[in-house]
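Report on the following structure.
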Amino acid sequence: MSAPAADGRAAPAKAAGVLGWPFRTRLGPVALPPKRVRLWAVALAVVGLVPMDTALVNGGSDWPAFWAAGATAGTPDLLDGARHAAWQTAHGVVVDFWRYPPAVAYAFTPASLVPLWLGFVIQALLMLGCVALAGLLLVRIFDLPRNVAVLLAFAWTPATASADIGQNASVALLLALWAIDALRRDSSLEAGVATGLLLYKPTLGLPLLGLLLLRGRWRALAAAAAVGVAWYLASVVAAAGDWGWPITWWNGMQPWLAPDLVRNADKAVSVPGLLGRVTGMPLVVPVAAGAAIVALAVRGLIRAPIVEAASAACLIALAAGPRVWGYEAGLMLPILAWAVAGGLSEPWRTRLVFLAIPMGLLWLVSAYTVVSGVALIVGVAAAMWLWRWRPFGPVPAVVESRGA
C-alpha cells in the first residue's frame with residue numbers, strides 16, 4: 000500500500016513512465032496504453048446507459064414512485080399507505096409505498112408538474128450531471144488527472160445506474176464525496192451538512208455519521224444534527240402536519256418490506272442482504288454479520304488518514320447495510336479512486352481495478368445471475384480493507400492526514 004500525502008490526499012501513482020497515468024501500460028503479454036484504456040472506459044459507460052431506453056419505454060422503472068411522492072408531498076396521501084395506493088391507481092402508476100423520509104418527496108415536486116416520461120428524462124440528466132461532478136471531486140480529493148477521474152466515475156456503471164432506472168443514488172455519491180472533500184479540507188460545517196443531507200438515505204449516511212463520532216468531529220456532528228432536525232421539521236410539513244410521522248412511516252412500511260426484499264433479492268450487494276436470502280436463515284445471523292463488519296472496521300476508521308477512512312465508511316455502508324441494491328454500489332467510487340491514486344501498490348492496482356470496473360456492469364444482469372456480481376466486488380473490497388486494518392495486526396505504513 001502506498002502512503003498518502005501529508006494533506007490527506009493519496010499520492011497519485013506514476014506508472015510505466017507515463018506522467019499522471021496511474022496504471023501499468025502492460026500486464027504480461029497484454030498492452031494497456033492509456034488511449035486504449037480510455038476507449039474501453041467510454042465503451043463501458045455507454046453500455047451501462049443502454050437500459051435507460053428500456054426503462055423509458057416500460058414506464059420509467061422506479062421513477063413513478065418518486066413522481067407520485069412529489070405530487071402528494073404535503074398531503075395526507077403521502078404517508079397513508081391506502082390513500083397513497085389509491086392516488087397512484089387513480090393516476091395510472093405502479094403502486095408502491097414511499098420509503099424515504101417525507102421531506103425528500105419535496106425534491107420531486109417540480110418533476111411531478113410535468114408528464115411522467117419528461118420527469119424521467121430530466122431525472123436521468125440530473126443524475127448524469129451528479130456523476131460528472133463526482134468525477135471532478137475525485138480530482139480534488141485524490142489529485143488524479145481529470146480525464147482519469149471523470150472516466151473512472153462513468154466507467155463504474157453502478158454510479159450511473161440511477162439514470163437508467165429513475166433512482167437517485169448518484170446524489171448520495173455526490174454528497175458522500177462532498178463530505179470526504181470537506182473532511183480533507185477540515186471544513187467541519189461542510190462535512191456536517193453533507194453528512195446530514197446524506198441521511199435522506201439513512202442506511203448510506205449512518206457510517207459517515209459514525210466516522211464523525213469516532214474521530215471526535217464534534218462541530219461536524221453538530222452541523223449534521225442540525226440538518227437532521229431540519230429533515231424532521233420539513234417532514235412534519237410533508238406529512239401534512241403529522242408530528243409522529245416516524246411512527247406512521249415505519250408502521251406503514253412494514254407490509255411492503257418483506258415483498259420488496261423478495262422481489263429485489265437478486266439486486267442485494269451487502270453481506271446481510273445476501274445472508275437474508277438463505278431460506279430459513281434466522282434474522283439474528285444477517286444482523287450479527289453486519290455488526291461484525293462494523294466492529295472490524297472501527298480500528299481503521301479511527302486510525303486511517305481521514306480521506307481513506309471516509310472512503311472506507313462508504314464501502315462499509317454497502318457491505319454492512321441491511322438493504323443495499325446494486326445501483327447504490329456507486330458509493331464504492333471513493334474507495335476505487337483511493338486505490339487508483341496509490342492506495343493499492345502495483346501490479347495489484349492495475350490487476351484489481353481493471354477486473355473490478357468491468358464487473359460493475361453485472362448489475363444489469365442480476366436477474367439472470369441470481370446473485371449480483373457487484374456483491375462480489377463489494378465483499379472482496381471490504382474484506383481487503385478490513386484485513387488492512389485488522390485488529391491486532393500491524394499498523395499500515397501511512398502518513399496521518401492534516402486535521403485527522
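All residue numbers for the sequence shown refer to numbering that gives the first Met the number 0, where the first residue is 0 and numbers rise by one.
Backbone N, C-alpha and C define an ideal beta-carbon position, used for all residues, glycine too.
Measure the alpha-carbon distance for Arg262 versus Leu256 and round it to whole angstroms.
When rounded, the distance between both Cα atoms is 10 angstroms.
Let me make sure I understand the geometry here. Which of Ala366, Val339 and Ala171 has the alpha-carbon closest to that of Arg145?
Checking every option, the nearest Cα to that of Arg145 belongs to Val339.
Identify the continuous alpha helix (DSSP H) that holds Leu196 and give its terminal residues.
Element bounds for Leu196: Ser187 to Leu197.
Helix, strand or coil for Trp324, going by three-state DSSP, please let me know.
For Trp324, the secondary structure class from DSSP, reduced to helix, strand or coil, is strand.
Given a cut-off of 8 angstroms on the beta-carbon distance, is the pair Ala311 and Leu300 in contact?
Their beta carbons are under 8 angstroms apart, which means Ala311 touches Leu300 by this criterion.
Out of curiosity, what's the CA-to-CA distance linking Thr194 and Leu174?
Between Thr194 and Leu174, the C-alpha separation is close to 7 angstroms.
What alpha helix (DSSP H) runs, 4 residues minimum, are completely inside the segment 24 to 71?
You should have 33 to 47, 50 to 56 and 62 to 71.
Near Leu55, what residues of its chain come up, given a Cβ to Cβ distance below 8 angstroms and the 5 sequence neighbours on each side ignored?
In chain order, Trp116, Phe119 and Val120 place their CB closer than 8 angstroms to the CB of Leu55, counting only its own chain and leaving out the 5 sequence neighbours on each side.
Relative to the C-alpha of Pro333, which candidate in Met252, Leu137 and Gly128 has its C-alpha closest?
Of the candidates Met252, Leu137 and Gly128, the one whose C-alpha sits nearest the C-alpha of Pro333 is Leu137.
Expressed to the nearest angstrom, what Euclidean distance is found between the alpha-carbon atoms of Ala81 and Pro254?
Distance between the alpha carbons of Ala81 and Pro254: 12 angstroms.
Any idea which residues DSSP pairs Ala219 with across the strands?
In the DSSP output, where bridge partners are listed per residue, Ala219 has none listed.
Going along the chain, which residues of its own chain have a beta-carbon closer than 6 angstroms to the beta-carbon of Gly320, five neighbours each way excluded?
Same-chain partners within the cutoff: Thr202 and Ser269.
Could you tell me whether the segment 26 to 45 touches the segment 146 to 165, using the rule of 3 or more Cβ pairs below 8 angstroms?
Judged by Cβ distances under 8 angstroms, the segment 26 to 45 makes contact with the segment 146 to 165, as three or more pairs qualify.
7 angstroms Cβ shell around Arg276 - same chain, five flanking residues per side excluded
Taking C-beta separations shorter than 7 angstroms and ignoring five residues to either side along the sequence, the partners of Arg276 in its chain run Ala264 and Ala267, following chain order.
Where Leu205 and Ala239 are concerned, what is the direct C-alpha to C-alpha distance, given to the nearest angstrom?
Computed Cα separation, rounded: 27 angstroms.
Assuming Ala237 and Pro101 make a contact with CB atoms under 8 angstroms, what is their CB distance in whole Å?
That pair is a contact at about 4 angstroms.
Is DSSP giving Ala396 helix, strand or coil here?
Residue state, collapsed to three classes: coil.
For His83, the first and last residue of its enclosing alpha helix (DSSP H):
Residues Gly80 to Ala89.
Quick test of the definition: if touching needs 3 or more C-beta pairs under 8 angstroms, does the segment 88 to 104 touch the segment 223 to 235?
Contact between the segment 88 to 104 and the segment 223 to 235 is established, with three or more Cβ pairs separated by less than 8 angstroms.
Let me confirm a value: Ala12 is counted as buried when at least 16 other C-beta atoms fall within 10 Å, else exposed. Which label applies?
The pLDDT assigned to Ala12 is 41, lower than 50, so where the model puts this residue is not dependable; a value taken from the coordinates is nonetheless given after this. That one is buried.
Reduced DSSP category for Ala239 - H, G, I as helix; E, B as strand; rest coil
Assigned with DSSP and collapsed to three states, Ala239 falls in coil, not helix or strand.
Buried/exposed call for Trp66, threshold 16 Cβ in 10 Å
Burial is judged here by how many other beta carbons sit within 10 angstroms of a residue's own beta carbon; Trp66 has at least 16 and is buried.
Return the CA-CA distance between Leu375 and Ala366, expressed in angstroms with no decimal places.
Using only the alpha carbons, I get a separation of about 15 angstroms.
Roughly how many angstroms lie between the CA atoms of Pro285 and Thr278, to the nearest whole one?
Those two C-alpha atoms are separated by around 12 angstroms.
Excluding sequence positions up to five away, which residues of its chain have a Cβ less than 6 angstroms from the Cβ of Ser161?
Cβ contact annotation for Ser161 (same chain, cutoff 6 angstroms, sequence separation greater than five): Met126, Asn167, Ala168, Ser169 and Tyr326, in chain order.
Residue of Trp384, Leu330 and Arg35 minimising C-alpha distance to Cys404
Outside the modelled stretch of the chain, which goes from 0 to 403, sits residue 404, for which no answer is possible.
For Ala318 and Asp142, I'd like the C-alpha separation in whole angstroms.
If you take the alpha carbons of Ala318 and Asp142, they lie about 26 angstroms apart.
Across which residues does DSSP place Ala267 in a beta bridge pair?
BP columns for Ala267 point to Trp324.
Spatially closest choice to Ile356 from Gly165, Ser344 and Ala328, by CA coordinates:
Comparing alpha-carbon positions, the option among Gly165, Ser344 and Ala328 lying closest to Ile356 turns out to be Ala328.
Is the number of C-beta pairs between the segment 81 to 90 and the segment 20 to 36 that are closer than 8 angstroms three or more?
The segment 81 to 90 is not in contact with the segment 20 to 36.
If you measure between the beta carbons of Leu385 and Leu274, is that distance less than 8 angstroms?
Cβ distance not < 8 angstroms, so Leu385 and Leu274 don't count as in contact.
Where Ala303 falls: helix, strand or coil (DSSP)
In the structure shown, Ala303 sits in coil (DSSP, three-state: anything other than H, G, I, E or B).
Would you call Trp226 buried or exposed, if buried means 16 or more other Cβ atoms sit within 10 Å of its Cβ?
In the sequence as displayed, the identity of residue 226 is Val instead of Trp. Taking every protein chain shown into account, the CB of Val226 has 16 or more other CB atoms within 10 angstroms, so this residue is buried.
If Ala224 and Lys200 are in contact, beta carbons under 8 angstroms, what's the gap, nearest whole angstrom?
Actually they do not touch by this definition, with Cβ atoms about 18 angstroms apart.
Cα-Cα separation, Arg302 to Ala70
Arg302 and Ala70 have their C-alpha atoms roughly 46 angstroms apart.
In angstroms, rounded to a whole number, what distance separates the CA positions of Ser60 and Phe391?
Rounded to the nearest whole angstrom, the C-alpha separation of Ser60 and Phe391 is 47 angstroms.
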